[in-house]
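One structure below.
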Amino acid sequence: MWFSFWRSRDRFTLDHLRYLTDQLAKVQIVNEVNKDFVIEALRSIAELITYGDQHDPSFFEFFMEKQVVAEFVRVLKLSRTVSIPLQLLQTVSIMIQNLRSEHAIYYMFSNEHMNYLITYSFDFHNEELLSYYISFLRAISGKLNKNTISLLVKTRNDEVVSFPLYVEAIRFAFHEENMIRTAVRTVTLNVYHVGDECVNRYITSVPHTDYFSNLVSFFRNQCMDLNRLVSETLKNPCPDSTSTIIAAVDEIEDNLYYFSDVISAGIPDVGRLITDSILMLLIFPLLLPSLRVVDANDMQSGVVTSLYLLCCILRIVKIKDLANTIVVALFYPLETFTRFSRGKVNGYISEFGLTSVSQEPDDDNIAKGNAGCLTVNVPNSSSSSGFNPESVMSEDNCSSSNLALREVLLSYVTKGDDVLVWGSLSVLATLLQTKELDESMLDRLGILPQRKQHKKQLLQALVGEASGEEQLFSSENSLMRDGSGCELDVYLEKIKEQYGLSFLPSDFLMSPRVPRFQVLDALVSLFCRSNISAETLWDGGWLLRQLLPYSEAEFNSHHLELLQVSYKNSATALVKEVRGFWPDLLITVLCNEWRKCKKAMESSYPPKEPKCILFPSQMLSSEEDIPEGSSFAAGEKMHELVKVFVVLHQLQIFTLGRPLPEKPLIYPPGDLPANSRAQTSGLDVSGPKPGTEVSLGKCS
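Shown next, in the form of structure tokens:
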């Protein structure tokens, strides 16, 4: 019988399909002798059915009449070799993927044959078989809609009680093979985006809701793996470190985009489930407590990783409650979350720089922290410039447990190293760009752009909520009346009720102008620091440019004086480069960096992505850093000085309210002091004209 199969015949005919099905029906056992015939028969039937679906409907009519899918199932039961399940899964997958007729898909999904194959006990220790099985599930999910999905579920009293496709797929959601995980996510997204209400209720019922918390737990483990990689790289850098971290970052961002895709399906309660899981399993017990620098000798890898992850979550996962809850959490003392971590999680994650569960808060550290809090003198409403910025930052201990997390970020800007500054600026910039945040929340953080404040107050004045003069020139009172704290109060109460975190508001929460003063002072103080890289200063310049106020009451003369001093110091350092290794390139580099900086400052986005903080670059900050006789190192230092000078110069122009010129303001030859004598003599610098009388008076 088997040899007759190989006889030459016209393949793409109904007779050939009839012949194959007849021969397959005669199979009573599948072993090493006839497995090749069975495999070829399965493959050929898939090819013929796909051809018939596009060219001749009688092919599929015959396929249904003979119930060939039932024959597939029978052959699978007879099989004793792994090659038959492999070919059968591939055959069915190819057919489902290529069938265009809805009628054909309805038949394939009916009679419980697909559910039988989905729940069949395959030997998944065979990696190739598992791969074919997952592809089979993905092929089915690709044909789901509100009509076909009903053929794959079991219901009782109009409620779904069984959905094998979904349940079996998520069994492999956390498989070690990335391709398997990706395929499973495709299956789940195809299910979610069908939009069937009964299926949605099934997905969001117990125990299936565990899938979402397990997703976040898996993501948390990836975050810890990333932190270990960053920590090891800081201690023992190697040539493959960067590529390894990039791969880990890509996987983390892929996970977050999956969260975002799940949420976009619009299934009720899924956004809440993911929000609660991210907050309870990751944000509160891990990321927020990790913002503290535990040891002065610690390399702060946990802080850096946490700052990056906060940016990443806010930027990708578009959930309003999640974003606003994170912002409100920044007003809590750091100790709140270290205690939360000890109470909710069985131990700390040491890789993130947290202490162990057996350790209690150090009373001495808390006492020291009381003296290290950010203090602010708020000007009286009658004064236009009574704010004293020198009193804003009296921060000696960035790791104090009683500092609010928002104050910790600002203390890193003023006192932290280059990486901590960069990370904190990235968080502030990300919050500024998070559209899910209410403007009142940004205002409380102190990062609401002044143009939006002015627009908001002008609108309120126009609609008659208060007199125009009162709204526009008494920002503190108007902000108190317009209810900008309402959103904050709502989330404070929600955090207390849902997550058990109590909070005693500090005085600055009652003064809307204070947070803005703190942010502006922190940014101004940043530009007075000489140990910060130019790239980080560019990020700070971008943020300051976004917040640049119109009112001198907020951006006062002391700020201008500090920026002017820093600018002059930078200019002095740059002038010394005239006697350095590369004086002939100085003007060229200056012009090039001016254009780049101008483009960066005027961009809608910060100059660098948040993930760049995981790959800090080395900075040449002094002459001691330059190896003797190294012109390359000298060129790097000159380049760094130019970039610092350019950003400070452009900030000077910003503060004067002038537009940035396309080129740096380099004195033309006619303005140089060397030409002053020619000008006083009546001689045109461009050259004397015929008949010009030249004064030959004595030089003083």
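Per UniProt numbering, residue 1 is the first one in the sequence shown, and the count goes up by one each step.
Ideal Cβ placement from N, Cα and C applies to all residues, glycine included.
Given the structure is predicted, the values throughout are model-derived calculations rather than measurements.
Where residue i falls: helix, strand or coil (DSSP)
i           : result
residue 173 : coil
residue 30  : strand
residue 79  : strand
residue 558 : helix
residue 417 : coil
residue 422 : helix
residue 276 : helix
residue 265 : coil
residue 148 : coil
residue 501 : coil
residue 67  : coil
residue 89  : helix
residue 239 : coil
residue 196 : coil
residue 607 : coil
residue 120 : coil
residue 311 : helix
residue 221 : helix
residue 612 : helix
residue 49  : helix
residue 143 : coil
residue 135 : helix
residue 44  : helix
residue 528 : coil
residue 447 : coil
residue 252 : helix
residue 660 : coil
residue 213 : helix
Cross-strand partners of residue i (DSSP beta bridge)
i           : result
residue 160 : 155
residue 404 : 333
Candidates the options: closest to residue i by CA position
i           : options            : result
residue 46  : 31, 16, 33         : 16
residue 186 : 198, 169, 196      : 169
residue 761 : 407, 436, 111, 531 : Because the chain spans 1 through 700 in this model, residue 761 falls outside it and cannot be assessed.
residue 166 : 72, 127, 115, 69   : 115
residue 212 : 229, 197, 192, 224 : 192
residue 31  : 257, 84, 609       : 84
residue 71  : 38, 656, 606, 265  : 38
residue 309 : 286, 328, 325      : 286
residue 423 : 219, 258, 291      : 291
residue 522 : 540, 535, 531, 530 : 540
residue 110 : 257, 153, 87, 137  : 153
residue 206 : 160, 144, 179      : 160
residue 615 : 278, 412, 238      : 238
residue 86  : 131, 157, 119      : 131
residue 19  : 34, 41, 219        : 41
residue 631 : 585, 661, 591, 594 : 585
residue 529 : 92, 218, 413       : 413
residue 277 : 218, 128, 312, 266 : 218
residue 199 : 495, 214, 177, 162 : 162
residue 402 : 144, 596, 289      : 289
residue 655 : 520, 535, 588      : 520
residue 548 : 607, 595, 601      : 601
residue 430 : 335, 312, 535      : 312
residue 658 : 332, 576, 545      : 545
6 angstroms Cβ shell around residue i - same chain, five flanking residues per side excluded
i           : result
residue 275 : 319, 321, 322
residue 570 : 644, 645, 648
residue 524 : 559, 562
residue 50  : 98
residue 582 : 635, 638
residue 526 : 413, 540
Sequence-distant residues of the same chain with beta carbon closer than 7 angstroms to residue i, five excluded per side
i           : result
residue 233 : 241, 245
residue 613 : 304, 307, 308, 419, 422, 423, 426
residue 706 : Absent from the structure is residue 706, since the part of the chain shown begins at 1 and ends at 700.
residue 209 : 273
Same chain, Cβ closer than 8 angstroms to residue i, neighbours up to 5 away in sequence not counted
i           : result
residue 324 : 436, 437, 438, 441, 487, 491
residue 597 : 538, 541, 643, 646, 647, 650
Residue i: CB within 6 angstroms of a non-hydrogen atom of the ligand ZN
i           : result
residue 540 : Absence of the ligand ZN is noted for the structure shown, with no ligands found whatsoever.
* Taking three-plus beta-carbon pairs below 8 angstroms as touching, is the stretch 266-282 in contact with the stretch 217-233? -> yes
* Inspect the CB distances between the stretch 123-131 and the stretch 64-78 and report whether three or more fall short of 8 angstroms. => no
* When the Cβ atoms of the stretch 578-597 are set against those of the stretch 267-274, are three or more pairs found closer than 8 angstroms? -> no
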